[in-house]
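Student:
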Amino acid sequence: MRKLSFALVTAFAWVLAVILPAEAQQAGQDNLTVELVAETDNPAPGGEVTLAFVAKPDEGWHGYWKNPGDAGLDTRLDWKLPQGVTAGELRYPVPTRLMVAGIMNYVYKGSYTQLVTLKVPAGLKPGTALPITVRADYLVCTDEVCVPETENLSINLIVGDGAISAERRTRFDEWRRAFPKPLGSEGRFTVADGILRVAIPYPASAPLGADAYFFPLTLEAMNYSAPQKLTRDGDSVVVEVKAGTKTPTKLEGVLSVGSGQGFALTAVPGSVAESPAGGGAIDWTAALVALGGALLGGLILNIMPCVFPILSLKALSLAKSGTSEGHARAEALAYTAGVVLVVLALGGAMLGLRAAGASVGWAFQLTDARVILFLLLLVLGIALNLAGLFELMTPRFAGKLAGGGSGGAFMTGALAAFIATPCTGPFMGAALGAALVLPWYVALLIFLGLGLGLALPFLLLGFVPALRRLLPKPGAWMDTFRKILSIPMFLTAIALAWVLGGLKGVNGMAVGLIVALALAVVLWALGRRQARGAGNGAAWIAAAAVTAAGVWAVAMIDKPAAAAEAKAAGAEPFNEARLAALRAEGRPVFAYFTADWCVTCKVNEKTAIETGPVNKAFSDNNVAVLVGDWTDGDPALGRFIERHNRAGVPLYLWYPKGSSEPKVLPQVLTQGMLSALPGDGE
C-alpha cells in the first residue's frame, strides 16, 4: 500500500495546491524556502539576465526534478513581467534518485538551484526599472508525506550595462556546474520485447561511475522503478530498462555519470544491439502459471448465460446428427479454431492498441456503444432463433447454431468467443494481467490458452465418444429445451440494452430498443416466408440494413454528461486523489472497479457488495467505499487497474487501516468474505 499511497498523496497534494487559496498555503509553510537571485542587477538593453531560484529544503525533505518519476510534481512558475521582457524555460540540475516502497522519485535531497534566463528588449533607456514578480508552486515531500507550497518572489532590476560582480559570477558558476552539459552527439534507441535500449555516444576513456543512471525527460518512455542495466560498447554506453507505456518519436534525457555530473542528450529511433547478458529474460514459471489460469478461466466461461445456450445447442446437435467419429472430430476442431482465432484476434488488437499508447484492457471493444448495439442485435437474433421465430440455418448463414458442417461449427465457435467477452471469471484476471507485462508472443500464448479453455468442452465431446454417449437421446424434448435456452439469451439482450443506456443515456437505449424491435419484425417476416417455403434473400438484406442503420444512429448520440453513480451504500466515485485523502485520514477503504458490460461484476455487486450485512459491517467500521466505473473505458482508470496486474474488470482492492499495500481480493466475492474484511489487520 505504501507504494501506491505515496503516488496518490503527491497527486492529491497538487490538487490542494491548485484549489486552496494562496494565503492558506503560505500560512506556516517552512519545509522549503526559495530565494530569487539575479546574476546581474543591471541587465543591458537587448541582453539577457539569468535568475536563480535557490531552494533550501529542511532536513528530511526533498523537491523534484522536471520529470518527477513515478510520483511528485515539477515546479510551476507564474510570471508578471514588464512589457517586452520574456522568460525562458526553467532549467534543472542533475537530480538524484529516491526509491520509496517501489516508487521511483527523481529528486533533490539537499539545497539545489534552478535557472531561468530573461530576455530584455532593446531600446530601453538606462535607469529603466524592471520589476520582476513570479509565483512558484512546488511540492516538497518526506518519505511519508507531501505538502504543496508557494513562494511569491520579486526582484527589482534596473537597466544598465550588464556588469556582473565577482561574487555573483562565482555563485552562478558554482550552480551551473550542477547542470547537465550538452552531449553534442545524437543517441539511438529501440523498443523490442518490452525492453527500451538506448545507445548513448560516450568515449570509452571517459569516467562512468558505478551509480551512473539515465534520467528520462520524455514521459512514459520507460518504467521508472525498473532497474537499469548500463554497459559500455566501445565509445557508447548502452542503457537497457523495461519500456514504458508509450514509444516516443524522440527520446530526451540526462545521463548521470556520477559525482553530480551529467550530460543532456537526445536519441532518435535506430538500431541498438542487445548487451551480451541480454535484458529481456522471460519468467517462464510466471508465464506457465498465467497460461494455466487462462485455460481454467476460459473453461469457466462456458457456464456463463451468453455462452452456455450456444454450447448446449451445438452439443445436442452433434448428438442428434449421429455422425461418424471423423465428422465429430472435424466439427470439434472447427469449433475450436473459431474460438481460438477470435480470442487471439481480440487479444492481439488489445496488445497493438496498448503498444500505440492507448490504455485499454480485455473486452476493450465493449466500451464502444456501436459494438454493444451490434451484440444486442446479434444476441436478440439468436434468442429469437432459439425461440422458434425463424430458422437461422436455412440461408447457409455463417452463424447457424444447429446446422452441420465444419463451416457452421467454425462460425459457432467464433460467435461464442465474441459473445463471451463481457464475462470475466476466476483465474482470468491475474492471467490476462500477466499478459500485459510479458513479451507479445508470450502474451498471445496466454490468449491461446484462454481460447482453448473456452473451446475445451466441445473439443472433448468431439474426441471422446463416451462423453457423447452421456448426452440425452434425441427426441421431442429437444425442441422444448431449445426454447428454454432462449431465455438466458433474452436476458443477455436485456443486459446489453442496459449497458447501452449506461454509455449513451436514455436516448441511446431507446434507439437501441427501437432498432431491436425493427430487427425482430424483419426476422418474424423471415420466419413467415420460411414457413411458406419462399425465398428469404430480401429479408436478410433488410436485417443487415436495420443493423447498419441502428449502429449509425447510436454513434450519432452524444454521451450524457452525468456523474458516475455510486452503487453501494455510502459509496463515492473513485479517483486517486480521493483515495489518497481517505488513506491520509487513516480510514480503511474498499475500492471496486466495475463496468455495466461485465457480468461477473454485476453478480458480485448484487449478491455480495450491495447487501445489508456488508453495508452494516462497513458502516460500523468506518470503511470508505470507492467505485471505479470503467464502462466507457476511462484511460485513467485503465492505467490504475493495470498497475495492479489486471487487464480489465472486475478488480477489488481492500486497503486496511495502517497497511502499506492493498489486498487484491478474488474475482468471486461473498458476503462473509467482505463482512470479515474490517477485522483483517486490525
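Numbering (mature numbering (1 follows the signal peptide of the UniProt record, and there is no 0)), first residue to last: -24 to -1, 1 to 658. All C-beta atoms, glycine included, are put in the ideal place defined by N, C-alpha and C. Bear in mind the structure is a predicted one, so any value in this text is a computation, not a measurement.
Since residue 218 is in the beta strand (DSSP E), which residue starts that stretch and which ends it?
Tutor: Residues 212 to 218.
Student: At what residue ranges does the region 614 to 652 contain a whole run of the beta strand (DSSP E), taking only runs of 3 or more?
Tutor: Qualifying beta strand (DSSP E) stretches, in chain order: 627 to 631.
Student: At a cut of 8 Å, does the region 170 to 178 reach the region 39 to 59 through at least three beta carbon pairs?
Tutor: Taking 8 Å as the limit for Cβ pairs, the verdict is that the region 39 to 59 does not touch the region 170 to 178.
Student: Is residue 59 helix, strand or coil by DSSP?
Tutor: Looking at residue 59 - three-state DSSP - the assignment turns out to be coil, as it is neither helix nor strand.
Student: I'd like to confirm the pairing. Which residues does DSSP put opposite residue 124 in its beta bridges?
Tutor: In the DSSP output, where bridge partners are listed per residue, residue 124 has 115.
Student: Is it the case that the Cβ atoms of residue 567 and residue 646 are separated by a distance below 8 Å?
Tutor: No, these two residues do not count as a Cβ contact at 8 Å.
Student: Does the beta-carbon of residue 532 have 16 or more other beta-carbons within 10 angstroms, so that it is buried, or is it exposed?
Tutor: Burial call: exposed.
Student: In the DSSP assignment, find the unbroken alpha helix (DSSP H) run with residue 208 in it and report its ends.
Tutor: Residue 208 -> not in any alpha helix (DSSP H); beta strand (DSSP E) instead, spanning 205 to 208.
Student: Quick one: any contact between the region 28 to 39 and the region 81 to 101, if contact means 3 or more CB pairs under 8 Å?
Tutor: A contact exists between the region 28 to 39 and the region 81 to 101.
Student: Should the region 232 to 242 be called in touch with the region 179 to 199, which here means at least 3 C-beta pairs below 8 Å?
Tutor: Cβ pair count under 8 Å is three or more, so yes.
Student: Do residue 39 and residue 84 have their C-beta atoms within less than 8 Å of each other?
Tutor: Against a cut-off of 8 Å, the Cβ pair of residue 84 and residue 39 comes out as a contact.
Student: Across which residues does DSSP place residue 74 in a beta bridge pair?
Tutor: Paired residues: 81.
Student: So, does the region 492 to 508 touch the region 309 to 329, judging by three or more C-beta pairs under 8 Å?
Tutor: Result no; under three Cβ-Cβ pairs closer than 8 Å.
Student: Got a sec? Which residues, its chain only, sit under 6 Å from residue 170 by beta carbon, not counting five neighbours each side?
Tutor: Excluding positions up to five away in sequence, the list reads 219 and 415.
Student: So, is residue 605 buried or exposed, given that buried needs 16 or more other C-beta atoms within 10 angstroms?
Tutor: Buried.
Student: Tell me, please, whether the region 346 to 365 touches the region 425 to 445 by the rule of three or more beta-carbon pairs shorter than 8 Å.
Tutor: These segments do not touch.
Student: Locate the alpha helix (DSSP H) running through residue 455, then write down its first and last residues.
Tutor: It spans 453 to 508 - the alpha helix (DSSP H) in which residue 455 sits, taken as one unbroken run.
Student: Leaving aside the five residues before and after residue 375 along the sequence, list all residues of the same chain whose C-beta is less than 6 Å from its C-beta, in chain order.
Tutor: At residue 375, the pLDDT of 40 sits below 50, so the modelled position is not reliable; the number obtained from the coordinates is stated separately. For residue 375, where only same-chain residues beyond five positions count, the Cβ hits under 6 Å are 387 and 391.
Student: Can you name the residues that DSSP bridges to residue 39?
Tutor: Paired residue(s): 84.
Student: Answer with buried or exposed for residue 254, where buried requires no fewer than 16 other C-beta atoms within 10 angstroms of its C-beta.
Tutor: Residue placement at residue 254 cannot be trusted, given a pLDDT of 41 that sits under 50; what the coordinates show is reported in the next sentence. Its Cβ having fewer than 16 others within 10 Å, residue 254 is exposed.
Student: Going by DSSP in three states, residue 655 sits in which element: helix, strand or coil?
Tutor: Helix.
Student: Name the two residues that bound the continuous beta strand (DSSP E) containing residue 232.
Tutor: Where residue 232 is concerned, the enclosing beta strand (DSSP E) stretches over 227 to 234.
Student: Suppose you measure from the CA of residue 240 to the CA of residue 75; what does that come to, to the nearest Å?
Tutor: Distance between the alpha carbons of residue 240 and residue 75 is about 23 Å.
Student: If contacts are defined as beta-carbon pairs under 8 Å, then residue 224 and residue 202 qualify, I think. What distance do you get, rounded to the angstrom?
Tutor: Not really, about 17 Å apart at Cβ, beyond 8 Å.
Student: May I have a chain-ordered list of the alpha helix (DSSP H) segments no shorter than 4 residues that lie completely inside the region 142 to 197?
Tutor: Counting whole runs of 4 or more residues, the region 142 to 197 contains the alpha helix (DSSP H) stretches 142 to 152.
Student: In terms of DSSP beta bridges, what is residue 548 paired with?
Tutor: Partner(s): 602.
Student: Please list, in chain order, all residues of the same chain as residue 499 whose beta carbon is under 7 Å from its beta carbon, the five residues on each side excluded.
Tutor: Cβ neighbours of residue 499 beyond the five flanking positions: 357, 360, 365, 366 and 519.
Student: The alpha helix (DSSP H) that contains residue 68, what's its start and end?
Tutor: Taken as a continuous stretch (DSSP letters only), residue 68 belongs to no alpha helix (DSSP H), as it is neither H nor E.
Student: Whole angstroms is fine: what's the gap from residue 572's alpha carbon to residue 327's?
Tutor: Using only the alpha carbons, I get a separation of about 23 Å.
Student: Can you list, in chain order, the residues of its chain whose CB lies under 7 Å from that of residue 655, leaving out five sequence neighbours each side?
Tutor: So no residue of the chain qualifies.
Student: Could you pull out every residue in the same chain whose Cβ sits closer than 6 Å to the Cβ of residue 200, ignoring the five residues on either side in sequence?
Tutor: Closer than 6 Å at Cβ, skipping near neighbours: 45, 46 and 80.
Student: Along the chain, which unbroken stretches of the alpha helix (DSSP H) at least 4 residues long are found entirely within the region 556 to 582?
Tutor: Segments of the alpha helix (DSSP H) lying fully in the region 556 to 582: 575 to 580.
Student: Tell me the rounded alpha-carbon separation between residue 628 and residue 418.
Tutor: Looking at the two C-alpha atoms, the distance is approximately 26 Å.
Student: Assuming residue 70 and residue 96 form a contact by the criterion Cβ under 8 Å, report the distance between their Cβ atoms to the nearest whole angstrom.
Tutor: Wrong, their Cβ atoms sit about 29 Å apart, outside the cutoff.
Student: Could you tell me which residues DSSP pairs with residue 445 in its beta bridges?
Tutor: Per DSSP, none; premise fails for residue 445.
Student: In the DSSP assignment, what are the bridge partners of residue 132?
Tutor: Paired residues: 107.
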